[in-house]
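Below you'll find the structure, written out as structure tokens, and then a few comments.
There are 2 protein chains.
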Amino acid sequence: MAGSNHFFTSTTMLYLVFLYVHLLLFLRFSGVAVSQSIIQSLPGFVGALPFELETGYVSVDDSNDVQLFYYFVKSENNPTEDPLIVWFTGGPGCSVLTALMFENGPLYFKHAKYNGSLPTLMLNPNSWTKISNILYVDAPVGTGFSYSRSLEGSFTSDTKSAKQSYIFIRKWLMHHPEFFSNPLYICGDSYAGMVVPIIVQDISDGIEIGHKPSINLKGYLLGNPATDRHAELNSQIHFFHHMGILSDELLESAKKHCKGEYVKVDPSNVQCIKDLQAVSQCTAKLNPSHILEPSCGQVWTPKCKKIIRDRNLLEKNLCSNLISLPPIPLLKCRNYGHMLSYYWANNDGVRKALNVRKGTVQEWTRCNLDGINYLKNVKTSTGYHLSISKRHYRSLIYSGDHDANVPFFNTQTWIRSLNYSIIDEWRPWFVDGQIGGYTRTYANQMTFATVKGGGHTAPEYRPNECFNMFKRWLSYEPL
Amino acid sequence: MAGSNHFFTSTTMLYLVFLYVHLLLFLRFSGVAVSQSIIQSLPGFVGALPFELETGYVSVDDSNDVQLFYYFVKSENNPTEDPLIVWFTGGPGCSVLTALMFENGPLYFKHAKYNGSLPTLMLNPNSWTKISNILYVDAPVGTGFSYSRSLEGSFTSDTKSAKQSYIFIRKWLMHHPEFFSNPLYICGDSYAGMVVPIIVQDISDGIEIGHKPSINLKGYLLGNPATDRHAELNSQIHFFHHMGILSDELLESAKKHCKGEYVKVDPSNVQCIKDLQAVSQCTAKLNPSHILEPSCGQVWTPKCKKIIRDRNLLEKNLCSNLISLPPIPLLKCRNYGHMLSYYWANNDGVRKALNVRKGTVQEWTRCNLDGINYLKNVKTSTGYHLSISKRHYRSLIYSGDHDANVPFFNTQTWIRSLNYSIIDEWRPWFVDGQIGGYTRTYANQMTFATVKGGGHTAPEYRPNECFNMFKRWLSYEPL
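Taken in sequence, the protein lines are chains U and P.
Everything in the first sequence is counted per the working numbering, starting at 1 for the first residue and increasing by one.
Everything in the second sequence is counted per the working numbering, starting at 1 for the first residue and increasing by one.
Structure below.
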């Protein structure tokens, strides 16, 4: 018994120590640092939400009070076992509401003329939350409803944002221990292509050195990802030529005169400049996010619209990046929905329902491109891809093939540069008997797929195809 | 007075001789050889037609009783002065109803589920007949409602069809002398690209040698025109690569192994055959007429569907080219409308309204590809383009840029091969402030234009853009 007692005492002691360590960890990552609330209904949506929505803040830098806002949507299928997706939107500076309301989230704005009342919300039948838990994060700080109360806290960079996102994920998981064991994927699109691979690397490094909580990281997914902006911008001229936007002769002339460099051009190279002016004439009025869709410009915020109307010159400067933009888009334009998002997310009732902290973000902006203090300190994320996929994290990289921002064939090019062997050769993938796009699988569990007819944010343009692609990939099925 | 009398007598004589010559000409080209009727209403269309429609037959080979059927729609603007367009559809063997009901004509089928009653007709707001008189011709013989009662008469070729079309135009004009002075354009799309330039050449030759009636030929217009089928088919592999349907590696391999020849392949060239099989795997389920639209196959005729259902093996052979085709397309498919055209054009009431001669065409087929006796005896029509545009006939060649049948850049290539100097350099053209496509004008009044997002029959996919393009070109305005 003594022995037994001794054993009891020592295991009790061990258990107490274990609890104490977890308590310390919990305290370090919790308290006022994390807030969360369950949302039963949302203004604009009729009735109770038929899915579980939680919003909240996670402090990722206590000394500078940097708070990242999130929307968490539980899987409508089996939240206990379905994967946990952490989703980041690009920009940098674009609110994750863009993904939640326009791409793969459970809601979207009814496309109807704005009459001054709150925009109506509808259910998205192709929401990825039908098969996965999705944690949508407004990152970096300054994006959407994320904020810092200090100037120092407002500064971020690719690597700093990744570090803060990693802190975010750890803290959020500590407060949601029921998701410890779910397979976890870090995902996003557009500029998130620069940051997601770094977050994956940071998590992976954390796992190797035994960071708590233990994260069941399985891989990552990226749509039309920025990877090397210089290479991508340089490749646009070829994409435009492929798509019939530039003539053969102009491409040949530009290749000859600019010698493959169309971004950092020597100002004394008159012939090259002349060719690039001709290129600009052909592309200036295109919609780069989907070359076949009408170009309707960007929309401004209701606040700035008011400022412009009131001709308040002082405040006008605050909107300097907005005042030269076109007026409310035509109803037929896809970005009419973007405009609706401004009216919705800046409505007091909506903010209250989402538990947005008063006075933290004066005006929600869909893409706060010029309003954040962000240093792009990573030139290319290919090294991160190489590093993490060699650690056996699986990946899906997809490209809407009508996007000129990140042309699909430049994505093919950097993937080829990783020198992975080909496992499953280039072939079409199908949805409902129709070609959804083309795919190829590489060693190190990397899959590339195009989404035929998709734009920069492919699920916005091809929702059914992208849902099926995502579902198959999550289930380890061939696309 | 005597002199005056003498003068009167001789001018009267001259006038009588003139009338006699015209009468002879008229008799040669008329009588039972031409029939025409004015249509006030059409089954499926509610109320009287708000435009003037005439249908009829013109005999183009009396000895073999070859009768070409036509639909003539008077301009809704100013028929006396607006140009006269003669429109031919491709195939060879596709009924011109395809153009009239799906492309640039005044009517289209309401896209609604077929319930056994006659399909409903609607007015096309972008009909080219709003600004021009259009004479739609079912050519060559065997197409649509055109027919021959003799076996010999059923045989045609590119050059013979062109000759018969020329006879058609002369005879039709003789019966419609009020259109003698209207500017005349010969137009069409797809395979009409092989024949229209020959017709223009024949008319031009006729003008030079003083054929009557005198034809006020101004030029021609062609959409996604076949010009050199071998070159076009060979260029498809590059088009598919440009559009992200083939991988870079597959294109490189095929180029290396097939040495630029992907159509007439040496069967012992195993590597090339292997590459082309991989190409086929990537393209087999594409819709070649518009690579972003669903592939819904071709539709069969109601009669053949009944034959297949009844398992009448003898008759089944008559439908051999149809029985392997898919069933009624999905409502969401563009070719659902094509199916409706079968039900409409084979309805007894419709045929009666159109004054189709009983017993001449048992079953109307949208594209009678295998049912005509047609010899493709012209390899390329570039020589005709060269010859006629040097005679100062103006031309507009346009390409829907998402068509794989006749890829736009192969059209650019043969135009470049004409060695015309460039008058107006490659630039976008606009409709409602949006890019409609790109254009370039060459010497000899030749204009090339792409239709952004257009398919093989561009006005079917981009009606507003194509109407504006046509209008500007007709008015001698820059696109």
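The beta-carbon is built from N, C-alpha and C at its ideal position, and this holds for glycine as well.
Residue from the options whose Cα sits closest to the Cα of residue i
i	options	result
P:PRO225	P:GLY91, P:ALA353, P:ASN287, P:SER253	P:GLY91
U:CYS296	P:PHE88, P:ILE435, P:ASP205	P:ILE435
P:VAL431	P:THR439, P:ASN464, P:ASN410	P:ASN464
P:SER41	P:PHE69, P:THR80, P:LEU121, P:LEU97	P:LEU121
U:THR129	U:PRO119, U:ARG149, U:GLU81, U:LEU118	U:GLU81
U:ARG416	U:TYR393, U:ASN405, U:GLY383	U:GLY383
U:ILE257	U:HIS242, U:VAL200, U:ASP275	The question names Ile, but residue 257 of chain U is His in the sequence shown. Of the listed residues, the one whose Cα sits closest to U:HIS257 is U:ASP275.
P:GLN445	P:SER387, P:THR413, P:PHE467, P:TRP429	P:SER387
U:THR227	U:SER421, U:SER253, U:ALA192, U:THR447	U:ALA192
U:SER389	U:GLN201, U:TYR374, U:GLY453	U:GLN201
U:SER59	U:ASN368, U:VAL34, U:PRO197	U:VAL34
P:VAL481	P:PHE88, P:SER154, P:LYS218, P:GLY433	Given that chain P is displayed from residue 1 to residue 479, the structure contains no residue 481 of chain P and the question cannot be resolved.
P:TRP429	P:THR55, P:ALA284, P:VAL451, P:HIS238	P:VAL451
U:GLU249	P:ASN347, P:GLU425, P:GLY455	P:GLU425
U:GLY453	U:TYR438, U:TYR442, U:PRO177	U:TYR438
U:LYS160	U:ASN77, U:TYR374, U:CYS94	U:TYR374
P:VAL279	P:SER253, P:HIS290, P:LYS471	P:SER253
P:LEU107	P:THR283, P:GLY223, P:TRP364, P:VAL73	P:VAL73
P:LEU221	P:VAL195, P:ILE215, P:GLY210	P:VAL195
U:THR478	U:ARG462, U:LEU396, U:THR55	At residue 478 of chain U the sequence reads Pro, which differs from the Thr that was named. Nearest option by C-alpha distance: U:LEU396.
U:SER289	U:ASP348, U:TYR114, U:PRO407	U:PRO407
U:TYR461	U:PHE448, U:PHE470, U:HIS402	U:HIS402
U:ASP370	U:ALA48, U:GLN36, U:GLY44, U:CYS94	U:CYS94
Residue i (DSSP reduced to helix, strand or coil)
i	result
U:SER475	coil
U:ALA278	helix
P:MET122	strand
U:GLY206	helix
U:PHE467	helix
P:THR227	coil
P:TYR461	helix
U:CYS258	helix
P:ALA449	strand
P:VAL58	strand
P:CYS333	coil
U:LYS212	coil
P:LEU49	coil
U:LYS113	coil
U:LEU246	coil
P:TRP130	In the sequence as presented, Trp is not what sits at residue 130 of chain P; that position holds Lys. Helix.
P:SER35	strand
P:GLN67	strand
U:LEU292	coil
U:ASN5	Bear in mind that the predicted position of U:ASN5 carries a pLDDT of just 40, short of 50, making it too unreliable to give a figure here.
U:ILE328	coil
P:ILE308	Low confidence applies to P:ILE308: its pLDDT is 45, below 50, so where it sits in the model is not reliable, and the reading given next is rough at best. Helix at P:ILE308.
Contacts that residue i makes with chain P (C-beta to C-beta distance below 9 Å)
i	result
U:CYS282	TRP426, ARG427, PRO428, ILE435, TYR438
U:LEU418	Chain P residues near U:LEU418: none, gap ~15 Å exceeds 9 Å.
U:GLN36	Chain P residues near U:GLN36: none, gap ~43 Å exceeds 9 Å.
Partners in chain U for residue i, counting only beta-carbon separations shorter than 7 Å
i	result
P:PRO294	GLN434
P:ILE245	TYR438
Chain P residues whose Cβ lies nearer than 7 Å to that of residue i
i	result
U:MET82	The displayed chain sequence assigns Asp, not Met, to residue 82 of chain U. What U:ASP82 touches in chain P: nothing, since even the nearest Cβ is about 31 Å away.
U:GLY453	LEU292
Chain-ordered neighbours of residue i on chain U, where CB pairs are closer than 9 Å
i	result
P:HIS242	HIS241, HIS242, MET243, GLY244
- request: Would you check if the segment 349–362 of chain U and the segment 139–149 of chain U touch, i.e. whether three or more CB-CB distances between them fall below 8 Å?
  value: yes
query: Should the segment 96–108 of chain U be called in touch with the segment 336–343 of chain U, which here means at least 3 C-beta pairs below 8 Å?
result: yes
query: For the segment 341–401 of chain P, which segments carrying the alpha helix (DSSP H) assignment without a break, of at least 4 residues, lie completely within its bounds, in sequence order?
result: 348–354, 382–389
query: How about the segment 224–240 of chain P and the segment 265–273 of chain P: do they share at least three Cβ pairs that are nearer than 8 Å?
result: no
- prompt: Does the segment 370–390 of chain P touch the segment 165–172 of chain P, meaning 3 or more C-beta pairs lie closer than 8 Å?
  reply: no
message: Is it the case that the segment 403–417 of chain P contacts the segment 150–160 of chain P, given that we only count it when at least three CB pairs across the two stretches are under 8 Å?
response: no
query: Which residue spans inside the segment 133–204 of chain U form an unbroken beta strand (DSSP E) run of at least 3?
result: 133–137, 155–157, 184–189
message: To test your reading of the DSSP string, which unbroken alpha helix (DSSP H) runs of 4 or more residues are found completely within the segment 404–458 of chain P?
response: 408–417
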